[in-house]
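See structure below.
Number of protein chains: 2
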Amino acid sequence: MPTISDVARAAGVGIGTVSRVLNASPLVSEATRQRVVAAIERLGYRPSPIARAFGGRRTQTIELLVPLFVGSFFVELLRGIEVGLATTQYSLVLRTIEGAEERQRVFDDCCARGNSDGALVVWMVPPQPFVERMTAAGFPAVLLNVVDPRLWSVAVNHDTAAEQAVRYCLRLGHRRIALVDRLEDAYDTASRGICLRGYRQALGEAGLGVPADYERLSELTARGGAAACDSLLRVPEPPTAIVAASDAQAVGIVQTARTRGWRVPGDLSVVGYNDSAFAEFLGLTTVQVPIREIGRRAATALLGALAEPGNEPETIYLPTDMVVRQTCGPPQPLNAGG
Amino acid sequence: MPTISDVARAAGVGIGTVSRVLNASPLVSEATRQRVVAAIERLGYRPSPIARAFGGRRTQTIELLVPLFVGSFFVELLRGIEVGLATTQYSLVLRTIEGAEERQRVFDDCCARGNSDGALVVWMVPPQPFVERMTAAGFPAVLLNVVDPRLWSVAVNHDTAAEQAVRYCLRLGHRRIALVDRLEDAYDTASRGICLRGYRQALGEAGLGVPADYERLSELTARGGAAACDSLLRVPEPPTAIVAASDAQAVGIVQTARTRGWRVPGDLSVVGYNDSAFAEFLGLTTVQVPIREIGRRAATALLGALAEPGNEPETIYLPTDMVVRQTCGPPQPLNAGG
DNA sequence: TTGTAGGCGTTATCAG
DNA sequence: CTGATAACGCCTACAA
């Protein structure tokens, strides 16, 4: 495996010159450059990223911190990230997270040693010590689909999205609208719902008080949605519409309702969240989240922070859209329903 | 950021001793070890993986080559891989692949320079030059869900799986069974179907010739399945059952059939493939693939190959299972159908 | 059992 | 513009 010295010798120049050619420095004459390039070609030389990271200062590596509840969301996100990174040489190292302790460990390791130049943090708010450490180290991190004013963040506004969904149901004539939310911090069962505020806000604006027993928290799975739906359909005055915090939950809700003999959207309207790949084919009415675009913008933001370390972090909100399909309709007149 | 020398100085020992402690060498007295550990603790020292990779020989890094058509498959796979790697220090660097040229590029880069100690290759057969290069370099790679006798492979047998699905339909009484297959090489439209052989085999064993116009190829998406279904329902003698090469395709098939007024499973039975997360909630009858286990076993195999470089590559087949849900039933008597 | 010296392949910093 | 040379942080001999 040829090294930079081999190339230098073959081209009859010093290693400094080869390094300059490698790094596209303008301080090389065209003639010399050609000779060096030829030698590189001839020897099939490829610089060692590791030696590079070691000698230089930057690792050309970005850490990607991903909690595994992301599900199919993840591949879409990756597509966007790859687009944002396409013109660069950065490698992504993957740190998957399955539970609270693991999250702790991953964040502890993240900017501890110069393993990477920056981080993309998916769907998690980092712990305080991490924020301090990285701020002190000038280590840039970008949050995806979650917001922290101390850091770069690219996200949709989950409350606004919930408002959209609730308002849509209100427009259809619904008054009994329930929420199947998800934990703001998926690994902290003491945390609140992520779009509770938006839900309540929209109901409040419509002059409807917050219903007593219409708020549920569930895992981001069909199973979780199913359980929440089960419980919602049992309350004395069950909802005529349910707004979910994910498409997976929505699928569970639709399925459970139908199994129990409720027609969807006849007896129960359901709104999903994300517009996942399968939502279209299930005819799921949902709130579209520009997942790929979040990935792309986050990558771009990180590259920007890497290039100009000084800048203050910004929060970039991307808009969400209602996608109307077949799981929502006007509520049945009370006396006509089951 | 403290270095090994700082620790050595603080502990009043040489750097060699610190290195030995770091690498759990037995050649350190307990007393010395304690002092060194204390110093490490006190200084908050953490060895630099990069320097380590540079000075030593191994990078503690595994490349994960993933084509992005994997979809939700990917997260399941990751879970397994992480389990297999849990007790180690290996990092995963992610190389996503979106098309044929990108695949070429990624494979060209993969074992070219000592960036990584090994590779996990998801759902792709590597090009010949890569195989030669890595074999020559003693660079281990493990294929996931695809088989190449020259390399370590952990997979299910797709033909056997198709046989299972077809046999199940045969047992239900179906005789007109179609296949919506996927390309063996997703980026080569000239390649064959991945489970065509198994499909034909099962039909042949049942004494049924291969139907003339019952074989389709489609993308691994609901849309692809929908298009294939559309065309299958138009043939003079349409099938009474369709075996798909993915759950996504199956969803598209079910949806399309129902839209056209065919009852599923009344008029048309559908079998999916993989048993993805959503299959259960859609009531999809499908062939279960132990995705997570494939990930785990592949990681284990790679660790093994890393530990004992000499061994011959093996192919590990994991079994598939029929999961019976609600999209298959006996065929309608010919005169009763629509 | 321990300390010391050499090397890994770059980049960066100097003189020239 | 170019060439030498000093880091960079660790591992692995080898010498003690």
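Going down the list, the sequences are from chains C and P. All letters in the first sequence, in the order written, are residues 30 to 367 by the working numbering. All letters in the second sequence, in the order written, are residues 30 to 367 by the working numbering. Think of the CB as a built atom: it goes at the ideal place given N, C-alpha and C, for glycine as much as any other residue.
Chain C partners of L121/P, CB-CB under 7 Å?
V122 and L123
Kindly say whether I26/C, judged by its beta-carbon, lies nearer than 8 Å to any beta-carbon of chain P.
There is simply no residue 26/C to check, as chain C begins at 30 and stops at 367 in what is shown.
Need the endpoints of the alpha helix (DSSP H) that Q230/P sits in, please.
L225 to E234
If the cut is a Cβ gap below 7 Å, which residues of chain C does P342/P touch?
The contacting residues do not exist; P342/P stays about 24 Å from chain C at best.
Run through chain P and tell me which residues come within less than 8 Å of A141/C, C-beta to C-beta.
R75
Classify Q284/P: buried if its beta carbon has 16 or more other beta carbons within 10 angstroms, exposed otherwise.
buried
Does the separation of the CB atoms of P96/P and A184/P fall below 8 Å?
no
For R124/C, is the classification buried or exposed, using 16 other Cβ atoms within 10 angstroms of its Cβ as the cut-off for buried?
Burial call: buried.
Report the neighbours of V99/P on chain C: residues whose CB is nearer than 9 Å to its CB, in chain order.
V104
Limits of the unbroken alpha helix (DSSP H) element including G281/C
First-last of the alpha helix (DSSP H) with G281/C: D276 to T288.
Do you know how far the Cα of F103/C is from the Cα of L94/C?
Each residue's Cα considered, the two are about 11 Å apart.
Could you tell me the boundaries of the beta strand (DSSP E) in which V352/C lies?
D350 to V352
Distance, Cα to Cα, P31/C vs V57/P?
37 Å
Limits of the beta strand (DSSP E) - the one that E244/C falls within
E244 to L246
Around the Cβ of G128/C, are there at least 16 other Cβ atoms within 10 angstroms (buried) or fewer (exposed)?
exposed
So for A241/P, helix, strand or coil by DSSP?
coil
Which full runs of the beta strand (DSSP E) of 3+ residues lie inside the stretch 85 to 138 of chain P, going along the chain?
With a minimum length of 3 residues, the continuous beta strand (DSSP E) runs that stay inside the stretch 85 to 138 of chain P are 90 to 96 and 120 to 126.
Is the CB-CB distance between I271/P and V299/P below 8 Å?
yes
Entirely within the stretch 54 to 82 of chain C and at least 4 residues each: give me those alpha helix (DSSP H) ranges in chain order.
59 to 72
Indicate whether L311/P and V280/P have their beta-carbon atoms separated by less than 8 Å.
Yes, these two residues count as a Cβ contact at 8 Å.
Can you check whether the C-beta of E244/P is within less than 8 Å of a C-beta belonging to chain C?
no
Quick one: what does DSSP say V264/P is sitting in, helix, strand or coil?
coil
Going by the DSSP bridge assignment, what does L212/C pair with across the sheet?
Its beta-bridge partners are G222/C.
Less than 6 Å between C-beta atoms, sequence neighbours within five positions excluded: which residues of the same chain meet that for A257/C?
V209, R245 and S247
Could you give the DSSP three-state label for G147/C: helix, strand or coil?
strand
Near N186/C, which residues of its chain fall below 7 Å by C-beta distance, leaving aside the five closest residues on each side in sequence?
Y346
Select from the stretch 129 to 162 of chain P all residues with a C-beta closer than 8 Å to any C-beta belonging to chain C, and list them in chain order.
A141, R142, G143 and N144
Residues bridged to I345/C [DSSP beta-bridge criterion]:
V183/C
Q355/P, buried or exposed, once every other Cβ within 10 Å from all chains shown has been counted against 16:
exposed
By the criterion of Cβ-Cβ separation under 9 Å, what are the contact partners of L107/C in chain P?
Under the 9 Å cutoff, chain P gives V95, L97, F103, L123 and T125.
Closer than 8 Å is the cut-off here; do at least three beta carbon pairs connect the stretch 171 to 180 of chain C with the stretch 193 to 208 of chain C?
no
Taking a contact to mean a Cβ-Cβ separation below 8 Å, would you say S335/C touches P169/C in this structure?
At residue 335/C the sequence reads Leu, which differs from the Ser that was named. Contact flag set, yes.
Residues of chain C with CB under 8 Å from G281/P, in chain order?
F310
Should S70/C be labelled buried (16 or more other beta-carbon atoms within 10 Å of its own) or exposed?
Here the sequence assigns Glu to residue 70/C, which means Ser is not the residue at that position. Answer is exposed; the Cβ neighbour count stays below 16.
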